[in-house]
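Peer 1: Attaching a single structure in structure tokens format; questions to follow.
Residue numbers (the numbering used here): 2 to 92.
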């Protein structure tokens, strides 16, 4: 039996309203789920489908494994809506 190679892919998960949304930047794909665990499972399935699709151009594996995450600050006056947690711009 042939052993499958395990490749770690970076994903970003954000909560949006009642859903979790996950994206995989190196593959430019995204999915959603009702829980964080569900969105991780959905992403694993989506990545596997993506890699098994013979018609899809695959990324350079070195690019996949050299990801960095940065935060940037932007000027502006924002406050949160009390109920939703969304940012709104103050005048």
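Using N, Cα and C, we set each Cβ at its ideal position, and we do this for glycine too.
1. Scan the segment 19–78 and note each continuous beta strand (DSSP E) run of 3 residues or more that stays entirely inside, going in chain order.
2. Evaluate contact between the segment 3–22 and the segment 53–66, counting only Cβ atoms and requiring at least three cross-stretch pairs below 8 angstroms.
3. Pick out whichever of 69, 72, 19 and 29 has its Cα sitting closest to the Cα of residue 44.
4. Would you give the residue range spanned by the beta strand (DSSP E) that residue 16 belongs to?
5. Could you check if residue 75 is buried or exposed, using at least 16 other CB atoms within 10 Å of its CB as the buried criterion?
Peer 2: Taking the definition as stated:
1. 20–25 and 30–34
2. yes
3. 29
4. 13–17
5. exposed
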